[in-house]
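Letter by letter, the sequence shown follows residues 1 to 176 of full-length UniProt numbering. Beta carbons: idealized from backbone N, C-alpha and C, even for Gly. Treat the numbers as computed from the prediction; the structure is a model and nothing was measured. Structure first, commentary second.
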Amino acid sequence: IMPINNYMLATEPLPEETAHRLIRDDTSMSDSLFVINYWKLSADNRLLFGGGESYSRRFPADIGKFVRKYMLRIYPELTDTRIEYGWGGTLAITMNRMPDFGRLSSQVFYAHGYSGHGVPIATLAGKLLAEVISGTVERFDVMANVPSHTFPGGTLLRWPGLVAGMLFYSLRDRLG
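Encoded structure:
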């Protein structure tokens, strides 16, 4: 499992017609890039947009500005829209982007490495861990049997390898 930083912004509230034109049916959206962008509208019609990653211990000085460039690639018509909030956090990714479930002993279970899908996956993990504690292991075992590979390079080279790999895939995303 490796740490990466991911960022989001919230725009000013958008006029109803603009919000409806951007996202017609109040759904959550994402693209298919390796370094994905994702977005949805808030209840007060702010565009909540996540995009961009970094791999160091430092966050951008202006997270809203950092994420804005990704938002404008998808919605260039929002050039004059004010960004009111920007935030970020560090998340745990796995090699295959699937969560890692398992056992350390007959009484110690774990679930981690949600790879940016923590809200829905952590909810599922909590349910499956509760089932295991109450004696039902079948659904937990389905997730625990998903192969989880370590990042290559051992302790010395895995960090530079992750950075190189993510930069490669980010470049590939940009070039199409």
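Asked: Enclosing alpha helix (DSSP H) for HIS149 [first to last residue]; Found: That residue, HIS149, is in no alpha helix (DSSP H); it is neither H nor E in DSSP.
Asked: Cβ-Cβ separation, GLY86 to TYR7 (assumed contact under 8 Å), whole Å; Found: 7 Å
Asked: Under 8 Å between C-beta atoms of ASN55 and MET166; Found: In the sequence under discussion, the amino acid at residue 55 is Tyr, which differs from the Asn named in the question. Yes, the pair counts as a contact, with Cβ atoms nearer than the cut-off.
Asked: Rounded separation between MET2 and GLY126 - CA only; Found: 22 Å
Asked: Buried versus exposed call for ASP100 [16 or more other C-beta atoms within 10 Å across all chains shown]; Found: buried
Asked: Beta-bridge pairing of PHE49 - partner residues as DSSP gives them; Found: LEU9 and TRP39
Asked: Whole-angstrom distance between LYS40 and GLU17, CA atom to CA atom; Found: 15 Å
Asked: Beta-carbon gap between ALA144 and LEU129 smaller than 8 Å; Found: no
Asked: Same chain only: Cβ atoms within 8 Å of TYR169, ignoring 5 sequence neighbours per side; Found: PHE34 and VAL35
Asked: Whole-Å CB distance - THR4 paired with ILE93, under 8 Å assumed; Found: The residue asked about is misnamed: residue 4 is Ile in this sequence, not Thr. Contact holds; Cβ gap of about 6 Å.
Asked: Beta-carbon separation (whole angstroms), ASP44 vs PRO13, contact threshold 8 Å; Found: 5 Å
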